[in-house]
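Following my numbering, the residues of the sequence shown are numbered contiguously, the last one being 125. Glycine included, C-beta positions come from ideal geometry on N, C-alpha and C.
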Amino acid sequence: MALPLFERLGGFAPVSKIVLLFYHKVEESEDLAEYFEDVEMGRLIDHQTKFIASLMGGPASYDDATLQRIHEPLEISEQAFDDMAELLQETLEDFDCSPEDVATVMHEFRRRRALVVHP
């Protein structure tokens, strides 16, 4: 049985680098930056590192109910979710993740759309 991407990458340290680049791209996006204006980015990056790690087969830290509760007041649109997904995929590709690994992570990310999108 193949090791999960989380383990093949080497754990939290490399995943944290992926998340840092991802959020750099998000902050550069005119359409997405507004969602993060009043957010303490260090704290968010810590949480998102754990979340992205869970999408890669690492230790899970959020259940579906928690994801929904956290995102509901943010009024995230379908387009914003799609834009985030595009940036995440681009970031994974920047880190030379295999097409199969990218597809797996993106499937897990998109599977949570209904928990995150609350227009």
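Per-residue DSSP class, three states only, for residue i
i, result
"V45", "coil"
"M112", "helix"
"P65", "coil"
"F8", "Correcting the residue type first, residue 8 is Ala in the shown sequence and not Phe. Residue state, collapsed to three classes: coil."
"E106", "helix"
Member of the options whose CA lies at the smallest distance from the CA of residue i
i, options, result
"R75", "H124, Q85 and M7", "H124"
"Y127", "F57, E40 and H77", "The requested residue 127 is not part of the displayed model; the chain covers only 7 to 125."
"Y41", "S83, R119 and Q95", "S83"
"S60", "D88, G48, A120 and E13", "E13"
"F28", "A109, G48, M90 and P79", "M90"
"D70", "E99, P10, R117 and E43", "R117"
Whole-angstrom distance between residue j and residue i, CA atom to CA atom
i, j, result
"L26", "V32", "10 Å"
"P20", "M7", "22 Å"
"T97", "G16", "17 Å"
"D73", "Q54", "In the sequence as presented, Asp is not what sits at residue 73; that position holds Leu. Using only the alpha carbons, I get a separation of about 11 Å."
"F3", "V122", "The chain is shown only over 7 to 125; residue 3 falls outside these bounds and no answer can be derived."
"E43", "L93", "18 Å"
Element boundaries [alpha helix (DSSP H), containing residue i]
i, result
"V123", "It is not in any alpha helix (DSSP H) - V123 carries neither H nor E in the DSSP assignment."
"D89", "E84 to D100"
"D70", "D70 to H77"
"E36", "Looking at the DSSP string, E36 is not in any alpha helix (DSSP H), and its letter there is neither H nor E."
"L15", "L11 to L15"
Worksheet item: Does the region 108-119 come close enough to the region 32-43 that 3 or more CB-CB pairs lie under 8 Å?
Response: In short, these stretches do not touch, since the Cβ pair count stays below three.
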